[in-house]
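Remarks on the structure that follows.
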Amino acid sequence: MTAHEPRPSRTVSRRFGDHAAVVAVATDPETFSSAVSRHLQVPNGLDGEAHRRARAMLDPFLDAQRVAAYTPAFVRVAQQLLEQLAGRAAFDAVSELGARYAVRAQSAWLGWPASIEDDLLQWVADNRAATRSGDRTRLAGVAVRFDAIVRARVEERMGADAPDDLTTELVRTRDAEGMPLSQEVLVSVLRNWTGGDLASLALCVGVVVAWLTEHPEHAERLAAADDAELDAVLDEILRLDDPFLANRRIATRATEVAGCPVAHEEVVALDWREANVDPARFEHPHAFDPHGNASANLVWGIGPHVCPGRPLATLQLRVLTRELLRTGSVRAAEEHGGVERETPPAGGYRRFMAALERHDA
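Quick note: the sequence shown, position 190, residue 183 per this note's numbering, numbers continuous.
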């Protein structure tokens, strides 16, 4: 696999939030390219045959049956973390529960050592702050630091004595032509698998914990729910308060969307959050209806660039939510710092203070 020639970074000039318009753009990759970033993004920033080949090569790593084998590891991570937090007066559901769980669960999946946990947690915090600031220099510095963490993991697996784990398997993967993946591509893939998941899973946990504190009447049923039912509920919670705000596309030709002209090479944003509560698509957009709203839910995207990591992220979130509900009752802890919403380009919560009262207390 060879790197594509990145486009110059472009500013969004138009935003689509209508559900129908978002779906139309996301499902038309020939007209709206995903190669918007100035950096190599595998597979998200690829189009056409290059994207199909990358997904065919990488999707088996994220197959639902394969990631299910990591369930016991994720359960252990969740139980150990909740045991620590249940003994405290309060904790931040985003940084102390969500981010730490994401780092430990993702490290268990990739085979990364516990010794880099603090480095990854610091990166999550710094990346969120840099993203919030919009400062390109600051964002670039954070990206360089993260790439260094990833490159170190790749280099550790270049030798004959590499550990037998998923990261080593990726390093030894060959592309469709039988060629080894370049370090640039490997770093891009691992950046996508880790960088995207760590920040987004932390935000998802914050949203889910907040919803559980507001709807305690569902706790007992959800604690006993099967996987399919719990997954449907989690997807609906995230639809109602989508932490994934938007993705960009660039027009490959002059066109029109929902009656709006779009120029050749114009960059547009797909507003997932707005589309997920579009009253033109959802009769009662803010009502909780997991099964009734499932077919139109865009939390994980739609089209050829639908989130490839959905099976893994869903499993990780399901495990943590189930263990949280089985451990105790969660409530908002306003007296310990309260709540602060995140600001664009991220959604969800910057901070959500919660308390966990054990069932056996």
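By construction, the Cβ of each residue, glycine as well, lies at the ideal position given by its N, Cα and C atoms. No experiment lies behind these values; they were computed from the predicted model shown.
For this session: Can you grab the Cα-Cα spacing for the pair Val147 / Val35, in whole Å?
Result: Rounded to whole angstroms, Val147 to Val35 spans 16 Å at the Cα level.
Exercise. Going straight from the alpha carbon of Leu113 to that of Pro254, what length do you get?
Worked result: Answer to the nearest angstrom: the Cα atoms are 43 Å apart.
Exercise. When you compare only the Cα positions, how much space is there between Ser26 and Gly294?
Worked result: Those two C-alpha atoms are separated by around 15 Å.
Exercise. Going by Cα to Cα distance, which pick from Arg184, Ala92, Val180 is closest to Ala71?
Worked result: Ranked by Cα distance from Ala71, the options Arg184, Ala92, Val180 are led by Ala92.
Exercise. Could you give the residue range of the alpha helix (DSSP H) that holds Glu89?
Worked result: According to the DSSP assignment, Glu89 belongs to no alpha helix (DSSP H), since it is labelled neither H nor E.
Exercise. Of all the CB atoms in chain C, is at least one closer than 8 Å to the CB of Pro236?
Worked result: As a matter of chain content, chain C is missing from the structure shown, which is built from one protein chain.
Exercise. Can you tell me whether DSSP reads Leu136 as helix, strand or coil?
Worked result: Note that residue 136 corresponds to Ala in the displayed sequence, not to Leu. The three-state reading of DSSP puts Ala136 in helix, counting H, G and I together.
Problem set entry | Residues near Leu318 by beta carbon distance below 7 Å, same chain, minus five either side | So the list reads Ala212, Leu215, Ala216, once near-sequence residues are dropped.
For this session: Note down the Cα distance separating Ala62 from Val250, rounded to an integer number of angstroms.
Result: So the alpha carbons of these two residues sit roughly 43 Å apart.
Exercise. What residues in its chain sit with their C-beta under 6 Å from that of Val60, if we drop five residues either side in the sequence?
Worked result: Residues of the same chain with a CB within less than 6 Å of the CB of Val60, apart from the 5 flanking positions on each side, are Pro304, Leu305, Leu308 in chain order.
Exercise. Between which two residues does the alpha helix (DSSP H) containing Pro304 stretch?
Worked result: Per DSSP, Pro304 belongs to the alpha helix (DSSP H) from 303 to 320.
For this session: Could you name the residues that DSSP lists as bridge partners for Cys253?
Result: For Cys253, the pairing in a beta bridge is given by DSSP as Val250.
For this session: Would you kindly work out how many angstroms separate the C-alpha atoms of Gly321 and Asp224, rounded to a whole number?
Result: About 20 Å.
Exercise. With 16 as the cutoff for other CB atoms within 10 Å, does Val137 come out buried or exposed?
Worked result: Classification of Val137: exposed, given that the 10 Å Cβ count is below 16.
For this session: Measure the beta-carbon distance from Arg8 to Val261 and round it to whole angstroms, keeping in mind my assumption that it falls under 8 Å.
Result: About 7 Å; that satisfies the 8 Å criterion.
Problem set entry | Contiguous alpha helix (DSSP H) assignments of at least 4 residues, all confined to the stretch 94 to 138 | You should have 110 to 126.
Problem set entry | Of the residues Val182, Ser288, Asp219, Leu205, the one placed nearest Met50, counting alpha carbons only | Distance from the Cα of Met50 is smallest, within the candidate group Val182, Ser288, Asp219, Leu205, for Val182.
Exercise. DSSP state of Pro(-1), grouped into three classes?
Worked result: Here Pro(-1) scores only 46 on pLDDT, less than 50, and its place in the model is too uncertain to base an answer on.
For this session: Using a threshold of 8 Å, state whether the C-beta atoms of Leu103 and Leu159 are closer than that.
Result: Cβ distance < 8 Å, so Leu103 and Leu159 count as in contact.
Problem set entry | The alpha helix (DSSP H) enclosing Arg46, as first and last residue numbers | Its alpha helix (DSSP H) spans residues 41 to 51.
Problem set entry | Rounded C-alpha distance that separates Gly285 from Ala273 | Rounded to whole angstroms, Gly285 to Ala273 spans 15 Å at the Cα level.
Problem set entry | CA nearest to the CA of Thr314, picked from Arg150, Ala195, Ser288, Tyr342 | Closest in C-alpha terms to Thr314, from the list Arg150, Ala195, Ser288, Tyr342, comes Ala195.
For this session: Return yes when at least one heavy atom of the ligand NAD lies under 7 Å from the C-beta of Val323, else no.
Result: Among the components of this structure there are no ligands whatsoever, and the ligand NAD is therefore not found.
For this session: May I ask which residues mark the beginning and end of the alpha helix (DSSP H) holding Ile243?
Result: For Ile243, there is no enclosing alpha helix (DSSP H); the residue is part of the beta strand (DSSP E) that begins and ends at 239 to 244.
For this session: Leaving aside the five residues before and after Gly199 along the sequence, list all residues of the same chain whose C-beta is less than 6 Å from its C-beta, in chain order.
Result: Here the set comprises Ala86, Val87, Gly91, Gly341, Tyr342, Phe345.
Problem set entry | C-alpha distance - Asp271 paired with Asp11, whole-angstrom precision | Cα atoms of Asp271 and Asp11: separation of roughly 6 Å, rounded to the nearest angstrom.
Exercise. For Gly296, which option in Asp228, Val180, Gly41, Thr4 has the closest C-alpha, if you only look at C-alpha atoms?
Worked result: Of Asp228, Val180, Gly41, Thr4, the residue nearest in Cα terms is Gly41.
Exercise. Helix, strand or coil: which one does DSSP assign to Ala141?
Worked result: Of the three classes helix, strand and coil, the one that applies to Ala141 here is helix, per DSSP.
For this session: With distances taken Cα to Cα, identify the nearest neighbour of Arg121 among Thr166, Arg150, Gly188.
Result: Per the Cα distances, Gly188.
Exercise. Around the Cβ of Gly302, are there at least 16 other Cβ atoms within 10 angstroms (buried) or fewer (exposed)?
Worked result: So Gly302 counts as buried.
Problem set entry | Three-state secondary structure (DSSP) of Arg214 | For Arg214, the three-state secondary structure derived from DSSP is helix.
Problem set entry | Option in Thr336, Ala348, Gly252, Arg242 with minimal Cα separation from Ser6 | Considering only alpha carbons, the answer is Arg242.
Exercise. Relative to the C-alpha of Ala280, which residue among Glu222, Asp168, Glu229, Gln73 is closest?
Worked result: The shortest Cα separation from Ala280 among Glu222, Asp168, Glu229, Gln73 belongs to Glu229.
Exercise. Can you check whether the CB of Thr245 is closer than 8 Å to the CB of Glu23?
Worked result: Yes, the pair counts as a contact, with Cβ atoms nearer than the cut-off.
Exercise. Which whole-angstrom value describes the C-beta separation of Ala79 and Arg351, a residue pair presumed to lie in contact below a C-beta threshold of 8 Å?
Worked result: That belief holds up - the Cβ atoms of Ala79 and Arg351 are roughly 5 Å apart, short of 8 Å.
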